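Written out below as structure tokens is the structure these notes cover.
Residue numbers (this note's numbering): 19 to 427.
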């Protein structure tokens with residue numbers, strides 16, 4: 019994968035999974051072998067509350083976070099840790115019940131809906147995209163499955179200067195899905211369909227439109243009917259396009275620099291990093307920037323507890339048939355074809371060693387959710403500042419450290 023392209027437009031990419039997955043892969047590798055839909059993972063050593071609190075506080079201070087949350091579920095119970103406040107320099111103490119924007123964790127909702135529709139015979143994963151969206155360039159040769167697993171080659175609209183510039187100058191702008199696709203289509207593909215991997219939000223905007231077409235309902239209602247209600251996600255929602263709000267209680271989100279400044283490199287220039295660390299450069303509050311630019315790829319809202327409940331349903335097979343669940347859990351393939359041990363990405367689900375789940379980022383928020391279905395261990399971490407001044411993902415880095423402690427090599 020072209021690393022320059024992988025980083026371009028980093029800050030507005032609704033969770034740059036390609037980067038976060040690679041980071042997490044270093045923390046958790048399989049010591050067993052593949053068997054059916056799960057992996058025989060190494061013995062887990064759950065961390066206690068004091069250890070998790072220490073890891074969260076250390077990471078939060080390193081990344082200059084106003085606030086952060088970590089939640090760990092194991093067969094022996096739930097452990098939580100919180101740090102800081104919901105607003106920089108003030109606000110209420112952070113709680114596990116705070117609503118935050120969860121970025122590309124939304125992709126797990128979109129992909130699950132498509133897989134449910136496939137179970138119902140409404141769509142086949144082998145169908146060409148042109149069957150549902152004739153306007154897609156080369157759509158006759160791109161399958162629905164290639165949208166799901168990021169192997170379509172379609173250009174990522176969030177890598178365009180047009181979107182990055184608009185995010186800086188008009189953060190309240192309401193984007194329609196078709197406007198987002200129109201940003202991507204003029205650009206050449208990264209590779210022919212099925213001949214590479216490139217994380218592209220364009221894939222998931224298309225999947226959201228297809229889901230609406232098949233169910234003849236708006237996407238927020240589809241999520242409520244198919245996922246949130248049945249799973250019991252009482253604090254999870256998907257906003258309408260014009261809705262920039264966050265339900266109470268919520269945590270504000272903060273963002274250093276601008277999208278255009280970091281379009282080619284996720285890290286701030288060295289002098290700005292130094293200024294941020296010595297306190298002379300403050301981040302912007304981007305809590306109520308309109309998230310419609312991420313739509314089915316990353317506009318979701320949730321809490322730590324709901325994310326844990328959801329990722330367990332995702333990995334334990336509560337939302338799909340046994341056959342479809344087995345296929346989904348077997349779907350992740352290495353994101354780096356030259357490195358078989360690289361983290362895997364499949365049908366809207368990522369594999370981090372023994373854990374399956376996803377990461378999420380948009381300006382101001384970073385989140386990680388992962389579950390080990392063999393050992394029944396679930397970890398959620400979120401941070402209310404993203405990315406870090408050095409370009410790293412705060413929550414994903416904290417999660418990596420915790421996973422490394424739970425699965426010592």
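Idealized CB from N, CA, C, for every residue including glycine. Small disclaimer: the values here were computed from a predicted structure and weren't measured.
Going by the DSSP bridge assignment, what does residue i pair with across the sheet?
{"i": "residue 102", "result": "85"}
{"i": "residue 351", "result": "363"}
{"i": "residue 111", "result": "103"}
{"i": "residue 370", "result": "373"}
{"i": "residue 229", "result": "DSSP output for residue 229 lists no bridge partner at all."}
{"i": "residue 90", "result": "97 and 397"}
{"i": "residue 117", "result": "268"}
{"i": "residue 454", "result": "A query on residue 454 cannot be resolved here, the shown segment of the chain reaching from 19 to 427 and no further."}
{"i": "residue 161", "result": "146"}
{"i": "residue 246", "result": "Bridge partners of residue 246: none, in fact."}
{"i": "residue 303", "result": "272"}
What residue range is occupied by the uninterrupted beta strand (DSSP E) comprising residue i?
{"i": "residue 290", "result": "Unbroken run through residue 290 is the alpha helix (DSSP H), 288-296; no beta strand (DSSP E)."}
{"i": "residue 374", "result": "373-380"}
{"i": "residue 397", "result": "395-401"}
{"i": "residue 316", "result": "Per DSSP, residue 316 belongs to no beta strand (DSSP E); it is in the alpha helix (DSSP H), 313-316."}
Buried or exposed, going by whether 16 or more other CB atoms sit within 10 Å of the CB of residue i?
{"i": "residue 411", "result": "buried"}
{"i": "residue 135", "result": "buried"}
{"i": "residue 379", "result": "buried"}
{"i": "residue 66", "result": "exposed"}
{"i": "residue 369", "result": "buried"}
{"i": "residue 339", "result": "exposed"}
{"i": "residue 106", "result": "buried"}
{"i": "residue 163", "result": "buried"}
{"i": "residue 172", "result": "buried"}
{"i": "residue 196", "result": "exposed"}
{"i": "residue 79", "result": "exposed"}
{"i": "residue 260", "result": "exposed"}
{"i": "residue 32", "result": "For residue 32, the predicted structure reports a pLDDT of 38, less than 50, and the residue's modelled location is therefore unreliable. The matter cannot be settled from this model."}
{"i": "residue 76", "result": "exposed"}
Using only alpha-carbon positions, find the residue among the options that is nearest to residue i.
{"i": "residue 313", "options": "149, 295 and 225", "result": "225"}
{"i": "residue 154", "options": "269, 284, 170 and 109", "result": "170"}
{"i": "residue 132", "options": "255, 415 and 147", "result": "147"}
{"i": "residue 250", "options": "353, 324 and 115", "result": "324"}
{"i": "residue 308", "options": "345, 275 and 262", "result": "262"}
{"i": "residue 193", "options": "414, 223 and 252", "result": "223"}
{"i": "residue 113", "options": "356, 357 and 268", "result": "268"}
{"i": "residue 71", "options": "420, 427 and 264", "result": "420"}
{"i": "residue 278", "options": "151, 157, 187 and 294", "result": "187"}
{"i": "residue 265", "options": "318, 213 and 236", "result": "318"}
{"i": "residue 115", "options": "284, 254 and 305", "result": "254"}
Would you kindly report the start and end of the unbroken alpha helix (DSSP H) that includes residue i?
{"i": "residue 384", "result": "Segment 383-390 is the beta strand (DSSP E) holding residue 384; no alpha helix (DSSP H) there."}
{"i": "residue 76", "result": "67-80"}
{"i": "residue 414", "result": "412-424"}
{"i": "residue 129", "result": "124-137"}
{"i": "residue 238", "result": "237-241"}
{"i": "residue 218", "result": "No alpha helix (DSSP H) holds residue 218; DSSP gives it neither H nor E."}
Closer than 7 angstroms to a non-hydrogen atom of the ligand ATP - does that hold for the CB of residue i?
{"i": "residue 269", "result": "The ligand ATP is not part of the structure shown, which contains no ligands of any sort."}
Q: Examine the Cβ distances between the region 326-334 and the region 370-384 and report whether three or more of them are shorter than 8 angstroms.
A: Cβ pair count under 8 angstroms is three or more, so yes.
ask   = When the Cβ atoms of the region 79-97 are set against those of the region 378-398, are three or more pairs found closer than 8 angstroms?
value = yes
Check: Should the region 169-183 be called in touch with the region 193-207, which here means at least 3 C-beta pairs below 8 angstroms?
Finding: yes
Checklist entry - Any chance the region 289-304 sits against the region 263-274, with 3 or more Cβ pairs inside 8 angstroms? => result Enough Cβ pairs lie closer than 8 angstroms, so yes.
Between the region 113-127 and the region 240-256, do at least 3 Cβ pairs fall closer than 8 angstroms? yes
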